[in-house]
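Enquirer:
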Amino acid sequence: MNLRDKIVFITGASAGIGAATALAFAAEGCRLLLAARRAGKLAEVALRACELGARAVHSIDLDVRDHRAVQTAIDDLPEEWAEIDILVNNAGLSRGLEKLYVGKLQDWEEMIDTNVKGLLYVTRAVVPGMIVRGRGHVINLGSTAGEMTYPNGAVYCATKAAERAINDGLRQDVLGTPVRVTSVDPGMVETDFSLVRFRGDAERAAKVYKGVKPLTGEDVAQAIVWAASRPEHVNIARILMTPVQQANSLLFSRSE
Ligand code: 8X3
Numbered sequence: 005m006n007l008r009d010k011i012v013f014i015t016g017a018s019a020g021i022g023a024a025t026a027l028a029f030a031a032e033g034c035r036l037l038l039a040a041r042r043a044g045k046l047a048e049v050a051l052r053a054c055e056l057g058a059r060a061v062h063s064i065d066l067d068v069r070d071h072r073a074v075q076t077a078i079d080d081l082p083e084e085w086a087e088i089d090i091l092v093n094n095a096g097l098s099r100g101l102e103k104l105y106v107g108k109l110q111d112w113e114e115m116i117d118t119n120v121k122g123l124l125y126v127t128r129a130v131v132p133g134m135i136v137r138g139r140g141h142v143i144n145l146g147s148t149a150g151e152m153t154y155p156n157g158a159v160y161c162a163t164k165a166a167e168r169a170i171n172d173g174l175r176q177d178v179l180g181t182p183v184r185v186t187s188v189d190p191g192m193v194e195t196d197f198s199l200v201r202f203r204g205d206a207e208r209a210a211k212v213y214k215g216v217k218p219l220t221g222e223d224v225a226q227a228i229v230w231a232a233s234r235p236e237h238v239n240i241a242r243i244l245m246t247p248v249q250q251a252n253s254l255l256f257s258r259s260e
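Residue numbers (the working numbering): 5 to 260.
1) For D9 and C34, I'd like the C-alpha separation in whole angstroms.
2) Return the first residue and the last residue of the beta strand (DSSP E) that T15 is part of.
3) Quick check: does the Cβ of K164 come within less than 7 Å of any heavy atom belonging to the ligand 8X3?
4) Compute the Euclidean distance between the alpha carbons of K211 and S198, then round it to the nearest angstrom.
5) Which residues share a DSSP beta bridge with D189?
6) So, with DSSP's three-state summary, where would you put F256?
7) Tell me the residue span of the alpha helix (DSSP H) that contains D79.
8) Would you report the Cα separation of R203 and D196, rounded to the nearest angstrom?
9) Please report how far the alpha carbon of R139 lies from the alpha carbon of D89, in whole angstroms.
10) What are the boundary residues of the alpha helix (DSSP H) that V200 is part of?
11) For the beta strand (DSSP E) that V92 lies in, which residues bound it at each end?
12) The beta strand (DSSP E) that contains V126, what's its start and end?
13) Please name the residue, chosen from L7, T15, T246 and G100, that lies closest to R208 on a Cα-to-Cα basis.
14) At the level of alpha carbons, what is the spacing between M5 and S233?
15) Against chain C, with Cβ distances strictly below 8 Å, would V130 count as a contact?
16) L7 by DSSP, collapsed to three states: which one?
17) Is R59 helix, strand or coil by DSSP?
18) To the nearest angstrom, how far is the alpha carbon of D67 from that of V74?
19) For a test of the three-state rule: what should DSSP assign to T148, helix, strand or coil?
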């Protein structure tokens with residue numbers, strides 16, 4: 005399927021997998037609706053996307069945790085941006101890595117509000133239009149963490165298990181319409197993910213990737229664009245992808 009001129013809405017587009025996905029769709033000649041909380045970083049991504057061939061870019065300053073703001077952002081889109089073809093539910097984060105019984109409530113709220121409720125709010129705001137227009141593709145970012153829980157990560161893993169259930173549930177609920185639903189589930193990806201998890205502790209974040217060549221945001225973006233560009237009658241339900249040195253959430257082969 006040719007992606008040229010398709011309107012692609014990406015949440016969490018200011019960095020990491022979201023930014024890489026914006027640039028990958030830009031190279032396909034898409035029109036990009038980019039949403040994130042960090043307007044400055046988003047502007048840099050928008051500029052690069054234009055250089056790479058995006059047909060147009062429209063940026064939205066948005067916190068997906070705010071359901072009113074999400075609905076208003078979609079309702080108020082300029083007419084030429086309203087018909088979203090592809091939604092990439094990418095906004096998400098992890099906070100903390102500690103035993104459940106000493107976990108911080110604030111960390112839990114942030115992860116659940118962003119990874120689960122934010123994904124639901126955006127989906128709820130965008131998918132009705134796709135149903136009416138008779139076309140659309142929702143691509144959700146899952147994780148190996150949603151498939152296998154690891155110690156000290158119960159709540160983050162639970163949010164990604166929820167994403168998996170929501171992805172599967174939505175795919176069943178749009179059955180009978182041309183709308184497609186895909187989950188892209190990466191394992192270890194070198195982004196700000198661990199830096200955010202450890203609230204800026206760079207040394208601790210670097211240890212996560214020690215001895216492993218992780219996936220890059222671009223690797224994941226390529227899988228997303230691949231799923232989006234399958235022929236219209238093909239739905240890719242799920243892509244589970246890891247570095248070669250990772251078998252699952254718990255099993256790694258680290259070089260010295
Ligand atoms: C990211 C993968 O294993 O670092 O979703 O939680 S993991």
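Note that CB positions come from ideal geometry on N, CA and C, so glycine has one too.
As the structure is a computational prediction, the values presented were derived from the model and not from experiment.
Expert: On the basis of the coordinates in this document:
1) 5 Å
2) I11 to T15
3) yes
4) 9 Å
5) L244
6) strand
7) H71 to D79
8) 10 Å
9) Each residue's alpha carbon lies about 7 Å from the other.
10) F197 to R201
11) I90 to N93
12) Not the beta strand (DSSP E): V126 falls in the alpha helix (DSSP H), residues L123 to R137.
13) G100
14) 5 Å
15) In the displayed structure, chain C is absent; only one protein chain is listed.
16) coil
17) coil
18) 8 Å
19) helix
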